[in-house]
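Asker: Just add 13 to the spot in the sequence shown (first one is 1) and you have our numbering. Backbone N, C-alpha and C fix where the C-beta goes; we use that ideal spot for every residue, glycine too. As the structure is a computational prediction, the values presented were derived from the model and not from experiment. Pasting in a structure now, in structure tokens, and then I'll have a few things to ask.
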Amino acid sequence: MYAIFVDGGRQYRVEPGMELDVDYRDIAAGENLKFETVLAVGADDGLKLGAPTLDGVSISASVLGMSQDKKIYIQKFRRRKHSKKRTGHRQKNTRIRIEEIAGV
């Protein structure tokens with residue numbers, strides 16, 4: 014069984030037991046999250062599509078903790094002015110584990 018849901022403008026295809034990173038939330042490890050914007054659910058009996066979402070279907074997940082992406086560097090350079098600037102950024106994520114897909 015798998016499901017496709019939307020979070021933070023991105024779509025994720027998940028299965029129970031799967032671990033993934035979603036946008037950062039200030040939630041302690043061990044707490045639960047619930048995603049209710051489920052677009053599709055696939056099971057042995059076929060695929061159920063929402064228009065645009067499925068009513069009564071939700072995905073529950075437990076929070077494992079915070080993680081960070083690899084650092085990216087942003088470099089700005091202006092020619093002939095000896096002006097350059099280099100900054101870095103590390104995106105914060107929340108690591109979750111999908112527990113169940115309910116309401117199928």
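Are T66 and L46 close, meaning C-beta to C-beta below 9 Å?
Answerer: Contact: no.
Asker: Within 10 angstroms of the Cβ of T100, are there 16 or more other Cβ atoms? Answer buried if so, exposed if not.
Answerer: Answer is exposed; the Cβ neighbour count stays below 16.
Asker: Counting only C-beta atoms, is I40 closer than 9 Å to chain B at any point?
Answerer: Chain labels in this structure do not include chain B; a single protein chain is all it has.
Asker: When DSSP labels each residue in this structure, what does H95 get in the three-state scheme?
Answerer: Three-state DSSP puts H95 in coil, outside helix and strand.
Asker: Taking the beta strand (DSSP E) that Q24 belongs to, which residues open and close that run?
Answerer: Start and end: 23-27.
Asker: Out of A115, Y15, G22, R23, point me to the one whose CA is closest to I72's CA.
Answerer: The candidate whose alpha carbon is nearest that of I72 is A115.
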